[in-house]
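Colleague: Protein sequences appear in the order of chains A and B. Heads up, the first sequence is in my numbering, so the first residue is 1236 and it goes up one at a time. Heads up, the second sequence is in my numbering, so the first residue is 1236 and it goes up one at a time. All C-beta atoms, glycine included, are put in the ideal place defined by N, C-alpha and C. Below are the structure tokens for one structure; questions will follow.
There are 2 protein chains.
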Amino acid sequence: MAETEVRPLRADALRNVERVREAAALVFAEQGVDAPVREVAARAGVGVGTLYRHFPQRVDLVVAVFRDAVDACADAAEELAAAHPPVEAVAAWLHRFEQFVATKQGLSAVLYSGDPALAPLPAYFSDRLKPALSGLLDTAVASGEIRDDVGADELIDAARALAGRPAMIDLLVDGLRR
Amino acid sequence: MAETEVRPLRADALRNVERVREAAALVFAEQGVDAPVREVAARAGVGVGTLYRHFPQRVDLVVAVFRDAVDACADAAEELAAAHPPVEAVAAWLHRFEQFVATKQGLSAVLYSGDPALAPLPAYFSDRLKPALSGLLDTAVASGEIRDDVGADELIDAARALAGRPAMIDLLVDGLRR
DNA sequence: GACCATACGGAACATCGTTCCACTTATCAA
DNA sequence: TTGATAAGTGGAACGATGTTCCGTATGGTC
């Protein structure tokens, strides 16, 4: 077995990686995921060479942004659980997720593009999002306020299909109440 | 109202349009719909300028090829109806369609790409394919050999989902028999 | 056969993703 | 603090691609 010596990133490199991630999130949100790499580099105040050192391919940037967004969405579950009663927490999270899908223009195009680097993304989506909603759902079921025969994945799938129609999410949640 | 004087295409232009369509179909089938325009022009024995005269944007070429393929698939229904007994005609057409979807690499990516020039394609798909299968289905139902409670669009959708699994198509057809 | 609108070919342009490398800078031992 | 050195940076340059432009060729028409 070869020892893969891993040295920590230099301080400036660390800072630049973060800047690029933020810039990419902004640019992709504004112009879609087809926005030019140079634009992202410029917005981050960084040369393209630097960008490519940390994200060797354009697609790696896309993956990073989507993963960040998914993580943020999943992490929101905890806060929402603390801030709202059980059923409202579920509703709030579904709205949060619906908005996430609606803002990511070109998301479905990317997922269907066939690029092998993007293949693991859908799995990451469900790996992170399903547990997040499941937690909220379980406490709501335990409180006796909603039915127990609807799975988290079904709800996520429905909310994705209902992207851009927040009112329908409310309808869905009302349907959950017993 | 301005009179839009339409003059017929010159003979060489007509010939070149046809050559480009054929070349594009070949190249896209071999290399996928992302194949370079120059490749198509070269294969057609034509300059890129000529190609762009008839297909002002790359995407127009893609649309033309898909429409041709859909037309061929729809037109095959008549021949199959003449050459096979009712149920076998349905089975043969579903196989024809399944193969069409399976060979068009990048079809779903294209349909989800969000390019406005591609927006009318899905509608064209069902406009042409649904009547084609409906005809075969009706005669098969009339012969009393298959059930009458399955719609053409449901079958087309299922066959699309089963692309690359021809054996499953046979299973589907068996399920149709009463 | 001559005229001319139509069509042709391919060089040239703009914009990408990506690579390369001369230069800068953070880290650390002395 | 100061050098030495590996790590990191910036942006010019490369190759591929979609698209435009225009001088040249040619089919239709009289």
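Helix, strand or coil, according to DSSP, for residue 1400(A) in the structure here?
Modeller: Of the three classes helix, strand and coil, the one that applies to residue 1400(A) here is coil, per DSSP.
Colleague: Would you list the one or two residues that DSSP bridges to residue 1412(A)?
Modeller: Its beta-bridge partners are 1381(A).
Colleague: Could you tell me whether the segment 1329–1338 of chain B touches the segment 1281–1293 of chain B, where touching means 3 or more Cβ pairs closer than 8 Å?
Modeller: No, the segment 1329–1338 of chain B does not touch the segment 1281–1293 of chain B.
Colleague: Taking contact to mean at least 3 C-beta pairs separated by less than 8 Å, is the segment 1291–1300 of chain B in contact with the segment 1349–1358 of chain B?
Modeller: These segments touch.
Colleague: Spell out whether any CB of chain A is found under 7 Å from the CB atom of residue 1343(B).
Modeller: Output row for residue 1343(B): interface = yes.
Colleague: Residue 1238(A) to residue 1389(A), Cα distance in whole Å?
Modeller: Note that residue 1238(A) scores a pLDDT of 47, beneath 50, so its modelled location is shaky; the value from the coordinates is reported in the next line. One C-alpha to the other measures close to 44 Å.
Colleague: Going by C-alpha to C-alpha distance, which of 1371(B), 1260(B), 1284(B) and 1277(B) sits closest to residue 1305(B)?
Modeller: When only C-alpha atoms are compared, the closest one is 1260(B).
Colleague: Tell me whether the beta-carbon of residue 1281(A) lies closer than 7 Å to the beta-carbon of residue 1270(A).
Modeller: Taking 7 Å as the Cβ cut-off, residue 1281(A) and residue 1270(A) do not qualify as a contacting pair.
Colleague: On a Cα-Cα basis, can you pick out the residue from 1360(A), 1265(A) and 1300(A) that is closest to residue 1309(A)?
Modeller: When only C-alpha atoms are compared, the closest one is 1360(A).
Colleague: Terminal residues of the continuous alpha helix (DSSP H) containing residue 1343(B)?
Modeller: Residues 1342–1346.
Colleague: How is residue 1330(B) classed by DSSP in three states: helix, strand or coil?
Modeller: Looking at residue 1330(B) - three-state DSSP - the assignment turns out to be helix.
Colleague: Which same chain residues end up closer than 6 Å to residue 1236(A) when comparing Cβ atoms and leaving out the 5 residues on each side of it in sequence?
Modeller: Its pLDDT being 45, under 50, residue 1236(A) is placed unreliably by the model, and the measurement read from it follows with that caveat. So no residue of the chain qualifies.
Colleague: I think residue 1382(B) touches residue 1413(B), with their Cβ atoms under 8 Å apart; what is that distance to the nearest whole Å?
Modeller: Residue 1382(B) to residue 1413(B), Cβ: 5 Å. Contact.
Colleague: Would you grab the beta carbon distance between residue 1386(B) and residue 1344(A) for me? Rounded to a whole angstrom, and I think it's under 8 Å.
Modeller: Rounded, the Cβ-Cβ distance is 29 Å, inconsistent with contact.
Colleague: So, using beta-carbon positions, are residue 1369(B) and residue 1321(B) closer together than 7 Å?
Modeller: Against a cut-off of 7 Å, the Cβ pair of residue 1321(B) and residue 1369(B) comes out as no contact.
Colleague: Would you call the CB atoms of residue 1395(B) and residue 1300(B) closer than 7 Å?
Modeller: It is not a contact, given that the beta carbons lie outside the stated cut-off.
Colleague: Let me make sure I understand the geometry here. Which of 1250(A), 1298(A) and 1277(A) has the alpha-carbon closest to that of residue 1268(A)?
Modeller: When each option's Cα is compared against that of residue 1268(A), the closest is 1298(A).
Colleague: May I ask you to list, following chain order, the residues of the segment 1344–1370 of chain A that have a beta carbon less than 7 Å from some beta carbon of chain B?
Modeller: Those residues of the segment 1344–1370 of chain A that come within reach of chain B (Cβ to Cβ, closer than 7 Å) are 1344, 1347, 1348 and 1349.
Colleague: Any idea if residue 1244(A) is buried or exposed, counting beta-carbon neighbours within 10 angstroms, 16 or more meaning buried?
Modeller: Per the 10 Å Cβ criterion, exposed.
Colleague: Under three-state DSSP, which class holds residue 1290(B)?
Modeller: If DSSP states are grouped into helix, strand and coil, residue 1290(B) belongs with coil.
Colleague: Can you tell me whether DSSP reads residue 1280(A) as helix, strand or coil?
Modeller: Coil at residue 1280(A), not helix or strand.
Colleague: I need the straight-line Cα distance from residue 1258(B) to residue 1248(B), nearest angstrom please.
Modeller: C-alpha separation (whole angstroms): 15 Å.
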